[in-house]
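Numbering (full-length UniProt numbering), first residue to last: 1 to 891. Each residue gets a CB set at the ideal place from its N, CA and C atoms; glycine is no exception. Keep in mind that this is a model prediction, so the values were computed, not measured.
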């Protein structure tokens with residue numbers, strides 16, 4: 001007898017869902033979290049690390065709720081007084097055109113409380129896209145940032161700036177609105193409208209009800225519950241992107257604080273990592289493109305120790321979710337080259353706006369699991385959903401066969417604005433339960449194998465770019481409408497791969513003036529969102545197949561050949577060194593050739609000092625790779641410097657400016673490099689204990705060079721226990737101090753000192769004893785044999801640390817200030833000199849080249865033999881040294 005073929009129908013776990021409006025859930029939680037922080041926001045900053053120097057604005061749950069209530073009342077009042085009506089779908093929609101901020105999040109909550117749905121419009125959208133959205137969705141109001149050009153929303157739009165809304169709401173009631181006070185008496189269930197790229201070339205709006213969002217969130221809370229120590233979530237995804245919904249409201253409805261990340265930070269891996277580290281973020285949603293950039297950055301600057309080292313950058317970030325684009329198997333495997341199996345998990349989510357972003361998920365657990373796959377699955381359905389793989393007759397295919405992906409269940413949107421594309425949401429002929437009575441046609445192909453669904457590509461011309469769904473026909477339509485264009489063919493090269501490129505092959509009209517590729521791309525910036533602008537490739541003729549159709553593969557081959565520099569000596573990039581001084585010519589040559597090799601033939605202009613990397617064809621991913629190559633060539637340049645540079649000339653300056661720290665000798669010179677700091681040294685006091693312990697623990701446990709070889713046998717508490725034991729002596733000896741930034745009233749550094757011949761006896765019970773016995777091993781003979789005898793002769797610089805939040809420039813400035821203050825202490829207390837042992841390359845260089853210390857001993861640490869015969873630092877490289885320094889103090 002034969003076996004019955006298994007059909008490709010996969011059902012997610014069933015979970016009871018009690019429909020509730022999301023703002024009511026927020027309000028119900030206030031009784032036990034009113035005073036907790038709800039929102040953390042830094043002002044948009046232009047320079048790398050600026051957020052580190054700001055005090056964020058924090059908003060409590062109670063304050064956020066009250067502000068939202070007041071704004072909601074104004075929104076209802078404006079609607080009723082102006083006699084504004086629901087649109088053709090019966091929806092009250094309020095458009096929001098604002099940059100990420102705490103005001104933005106509060107405004108979204110206020111819209112729900114008013115009984116309306118919010119519709120995000122990105123401020124970077126071109127005017128024609130904005131006006132299409134306005135004409136079709138007919139929002140009753142637009143809330144925008146203060147600097148917005150109101151004319152962009154069309155003459156019929158009612159626009160309120162956020163300042164106008166805030167000012168108007170100050171005098172109204174702050175209590176929660178009753179249903180009778182809301183628009184449509186609170187009966188509307190629509191929560192959000194999100195516009196996506198339409199298959200007809202025209203964007204269309206997806207209608208997402210509260211119940212649909214709640215089903216997605218309830219699955220998230222059950223499957224990925226928040227840990228007890230998880231207090232802050234991160235909101236970094238563009239509001240127009242469906243992933244922002246769960247990213248924002250998932251934590252907020254569970255009582256976590258939301259860190260609102262400025263756009264400028266999300267584009268800079270270095271600054272994004274700093275922020276993730278600062279707030280110990282535990283989970284992150286991102287597109288594979290960004291994951292690849294972050295991994296490149298982490299391997300460039302953050303690879304401290306092996307995968308098990310909890311001091312590595314982003315060790316706390318243990319839930320990584322990739323969504324929006326196919327996740328390449330090699331990228332998933334690379335994830336575990338850096339992160340630890342069993343601690344860090346990488347998830348692959350699949351879905352679209354029409355199914356509330358995510359409808360299937362798969363966990364990549366370890367490298368062995370990935371090695372057994374030929375690609376990463378999109379997994380199994382979320383709760384209360386069913387996924388069907390159907391053939392062209394809408395019958396389920398057999399396991400292993402490819403079928404079109406259809407989705408049914410409680411994650412389905414409530415159709416499109418104005419009832420467009422009704423054929424996408426239809427009655428489900430396979431349903432046996434009421435909640436599965438509707439089915440959505442995704443336009444994707446999939447297959448089912450070993451219980452997991454695999455993505456098999458699109459059925460139409462849609463692709464994903466940085467997580468955004470882009471329809472090639474929409475891009476092609478806009479390119480073809482440019483006056484000089486006779487023919488336009490828009491294609492995607494290597495979709496989903498590292499070198500993915502959106503291309504527009506353009507043939508100009510014979511009677512058209514000559515245009516360059518860059519000029520045409522500039523014209524498209526007025527018509528398309530930034531992520532939709534293709535790289536224009538001018539062609540003389542359109543290649544055709546024998547049947548007269550366009551030969552698209554020939555066009556892609558033409559592009560590939562032009563971009564492949566390997567083995568083709570005929571490809572010569574154009575470099576212009578005319579504005580480069582002769583002495584900088586070798587460095588400029590390294591820079592230009594590196595940029596040219598990374599970008600390839602997509603470099604669409606001459607490389608010169610005035611050239612902009614991104615206008616040349618660069619992007620966020622290959623910018624990271626470019627910095628990596630430059631670093632390998634020996635140039636000291638940060639990711640932030642490279643990204644922020646206006647042109648190659650600024651990058652050249654960063655590569656060639658004198659970075660040798662010994663060029664600046666005076667304290668004022670160092671501090672002037674950080675004009676925002678106003679430093680003050682304060683003698684150590686009992687009240688400083690908590691701040692000092694935190695700084696020392698972070699500095700020595702997190703950064704110290706010797707301790708890394710002893711982990712995991714030493715703990716953070718080992719340092720705090722030690723400092724607690726000697727704290728009274730530190731204060732009473734009056735030789736130590738803290739450094740305070742008077743602008744922020746924050747302690748950012750500390751220097752702990754003793755008389756070398758009058759140090760307190762303390763019993764170190766932890767493995768930290770090895771470090772102190774090593775230091776005594778290198779210092780003791782020198783102190784006892786070669787240095788002045790007696791008390792009050794040798795000031796021992798015992799421990800020095802800076803706040804973990806300081807950027808490198810601030811760190812150096814603070815250290816230099818502390819060194820200057822230690823010297824003052826030594827002079828004022830009439831010591832003969834200062835003794836210190838440096839194990840960090842930075843402090844060694846400062847001691848040797850800046851502070852003019854005398855080297856009394858330069859010891860290779862891996863040679864040290866402990867009393868038990870072991871070599872605790874035996875794994876250290878030969879280059880790791882401990883240098884005993886001495887500086888005489890002149891009156």
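- Item | Buried versus exposed, by CB contacts within 10 Å (16 or more), residue 662 | Your numbering for residue 662 matches position 662 in the chain shown. Low per-residue confidence applies at residue 662: pLDDT is 32, beneath 50, and the placement is therefore not dependable enough to give any value.
- Task: Work out the CA separation of residue 137 and residue 491 for me, nearest whole Å.
- Result: Sequence index remark: in the chain shown, residue 491 carries index 491 (1-based). Sequence index remark: in the chain shown, residue 137 carries index 137 (1-based). One C-alpha to the other measures close to 30 Å.
- Message: Suppose only complete runs of 4+ residues qualify. What are the alpha helix (DSSP H) ranges in the region 816-869, listed by chain order?
- Response: Counting whole runs of 4 or more residues, the region 816-869 contains the alpha helix (DSSP H) stretches 841-845.
- Does the Cβ of residue 830 have 16 or more other Cβ atoms within 10 Å, making it buried, or fewer, making it exposed? Locating residue 830 in the chain shown gives position 830, counting from the first residue. Result: exposed.
- Could you pull out every residue in the same chain whose Cβ sits closer than 6 Å to the Cβ of residue 169, ignoring the five residues on either side in sequence? Start at 1 with the first residue of the chain shown, and residue 169 comes out as number 169. Within the same chain, and ignoring the five residues on either side of residue 169 in sequence, the residues whose Cβ sits closer than 6 Å to its Cβ are 70, 71, 74.
- Message: Contact between the region 314-329 and the region 717-731 is defined here as three or more beta-carbon pairs at a separation below 8 Å; is this criterion met?
- Response: no
- Task: Go to residue 23, then tell me how far its beta strand (DSSP E) extends in each direction, as first and last residue.
- Result: The sequence position of residue 23 within the chain shown is 23, counting from 1. Run containing residue 23: none in the beta strand (DSSP E); it sits in the alpha helix (DSSP H), 22-28.
- Task: Check the DSSP bridge columns for residue 118 and list the partner residues they point to.
- Result: Taking the chain shown and counting its residues from 1, the one referred to as residue 118 is at position 118. As a beta-bridge residue in DSSP terms, residue 118 pairs with 94, 192.
- Item | Between the CA atoms of residue 591 and residue 673 - distance to the nearest angstrom | For the purposes of this step, residue 673 is identified with residue 673 of the chain shown, where counting begins at 1. For the purposes of this step, residue 591 is identified with residue 591 of the chain shown, where counting begins at 1. Per-residue confidence for residue 673 stands at a pLDDT of 40, beneath the threshold of 50, marking its modelled position as unreliable; the derived number appears in the next sentence. Cα-Cα distance, rounded: 26 Å.
- Message: If you follow the beta strand (DSSP E) that residue 633 is in, where does it begin and where does it stop?
- Response: Reading the chain shown from its first residue, position 633 is the one you call residue 633. Residue 633 -> no beta strand (DSSP E), and no H or E assigned at all.
- Query: Shortest alpha-carbon distance to residue 62 belongs to which of 763, 458, 176, 126?
  - Reply: Here residue 62 corresponds to residue number 62 of the chain shown, with the count starting at 1. Of 763, 458, 176, 126, the residue nearest in Cα terms is 176.
- Query: With a CB to CB cut of under 8 Å and the five nearest residues on each side skipped, what residues in its chain are close to residue 645?
  - Reply: Taking the chain shown and counting its residues from 1, one reaches residue 645 at position 645. So the qualifying residues of the chain are 613, 651, 654.
- Inspect the beta-carbon positions of residue 448 and residue 389 and report whether they are closer than 8 Å. Residue numbering aside, residue 448 sits at position 448 when the chain shown is read from its first letter. Residue numbering aside, residue 389 sits at position 389 when the chain shown is read from its first letter. Their beta carbons are under 8 Å apart, which means residue 448 touches residue 389 by this criterion.
- Task: With DSSP as the reference, label residue 67 as helix, strand or coil.
- Result: One-based indexing of the chain shown puts residue 67 at position 67. Residue 67 falls in the helix class under three-state DSSP.
- Message: Taking 8 Å as the cut-off, does the region 345-357 touch the region 243-257 (at least 3 CB pairs, one atom from each stretch)?
- Response: The region 243-257 vs the region 345-357: in contact.
- Item | Start and end residues, beta strand (DSSP E) containing residue 320 | Taking the chain shown and counting its residues from 1, one reaches residue 320 at position 320. First-last of the beta strand (DSSP E) with residue 320: 319-322.
- My understanding is that residue 259 touches residue 744, with C-beta atoms under 8 Å, so please give their C-beta distance in whole angstroms. Position 259 of the chain shown, counted from the first residue, corresponds to residue 259. Position 744 of the chain shown, counted from the first residue, corresponds to residue 744. Not confirmed; about 19 Å, so no contact.
- Bridge partner(s) assigned by DSSP for residue 440: Residue numbering aside, residue 440 sits at position 440 when the chain shown is read from its first letter. Answer is 407, 425.
- Message: Need the endpoints of the beta strand (DSSP E) that residue 799 sits in, please.
- Response: Residue mapping note: residue 799 aligns to position 799 of the chain shown, counting from 1. Boundaries of the beta strand (DSSP E) harbouring residue 799: 794-802, taken from the DSSP string.
- Message: Using a Cβ-Cβ cutoff of less than 8 Å, which residues in the same chain neighbour residue 66 once the five nearest sequence positions on both sides are dropped?
- Response: Here the question's residue 66 lines up with position 66 in the chain shown. Around residue 66: 174.
- Item | Endpoints, alpha helix (DSSP H) assigned at residue 60 | One-based indexing of the chain shown puts residue 60 at position 60. Premise fails: residue 60 lies in the beta strand (DSSP E), 57-60, not in any alpha helix (DSSP H).
- Residues near residue 847 by beta carbon distance below 6 Å, same chain, minus five either side: Translated into the one-based positions of the chain shown, residue 847 becomes position 847. Taken in chain order, the residues that qualify are 838, 853, 885.
- Task: Give me whichever residues DSSP pairs with residue 647 in a beta bridge.
- Result: On the chain shown, position 647 is the one that residue 647 refers to. Per DSSP, none; premise fails for residue 647.
- Supposed contact pair residue 726 and residue 739 - C-beta distance, whole angstroms, cut 8 Å: Reading the chain shown from its first residue, position 739 is the one you call residue 739. Reading the chain shown from its first residue, position 726 is the one you call residue 726. With a Cβ gap of about 20 Å, residue 739 and residue 726 do not count as contacting.
- Taking C-beta to C-beta, are residue 538 and residue 482 nearer than 8 Å? To locate residue 538, count along the chain shown from 1; it is residue 538. To locate residue 482, count along the chain shown from 1; it is residue 482. Result no, Cβ atoms of residue 538 and residue 482 do not sit closer than 8 Å.
- Task: In the DSSP assignment, find the unbroken alpha helix (DSSP H) run with residue 371 in it and report its ends.
- Result: Within the chain shown, the letter at position 371 stands for residue 371. Taken as a continuous stretch (DSSP letters only), the alpha helix (DSSP H) holding residue 371 covers 367-371.
- Query: On the three-pair Cβ rule with 8 Å, is the region 422-429 touching the region 437-446?
  - Reply: yes
- Measuring alpha carbon to alpha carbon, tell me which of 387, 21, 553 ends up nearest residue 351. Residue numbering aside, residue 351 sits at position 351 when the chain shown is read from its first letter. With distances taken between CA atoms, residue 351 lies nearest to 387 out of 387, 21, 553.
- Item | the region 98-111 touching the region 213-233, judged by at least three CB pairs closer than 8 Å | By the criterion of at least three beta-carbon pairs nearer than 8 Å, the region 98-111 is not in contact with the region 213-233.
- Query: With which residues is residue 899 paired in a DSSP beta bridge?
  - Reply: Residue 899 falls outside the range modelled here, since the chain spans only 1 to 891, and no answer is possible.
- Query: Using the rule of at least 16 other Cβ atoms within 10 Å of the residue's Cβ for burial, across every protein chain shown, is residue 873 buried or exposed?
  - Reply: Against the chain shown, residue 873 aligns to sequence position 873. Buried is the call here.
- Residue span of the beta strand (DSSP E) that contains residue 246, given as start and end: Reading the chain shown from its first residue, position 246 is the one you call residue 246. Residue 246 -> not in any beta strand (DSSP E); alpha helix (DSSP H) instead, spanning 243-252.
- Message: Here's a check: name, in chain order, each residue in its chain whose Cβ is nearer than 6 Å to the Cβ of residue 858, leaving out the five neighbours to either side.
- Response: The count along the chain shown starts at 1 and reaches residue 858 at position 858. The answer, listed in chain order, is 881, 883.
- Task: Starting from residue 887, follow the beta strand (DSSP E) in both directions and report where the run begins and ends.
- Result: Along the chain shown, one-based indexing puts residue 887 at 887. Unbroken beta strand (DSSP E) run through residue 887: 881-888.
- Item | Span of the alpha helix (DSSP H), counted from its first residue to its last, around residue 210 | Position 210 of the chain shown holds residue 210. Unbroken alpha helix (DSSP H) run through residue 210: 210-223.
- Item | Short Cβ contact (8 Å threshold) for residue 638 with residue 399 | One-based indexing of the chain shown puts residue 638 at position 638. One-based indexing of the chain shown puts residue 399 at position 399. Against a cut-off of 8 Å, the Cβ pair of residue 399 and residue 638 comes out as no contact.
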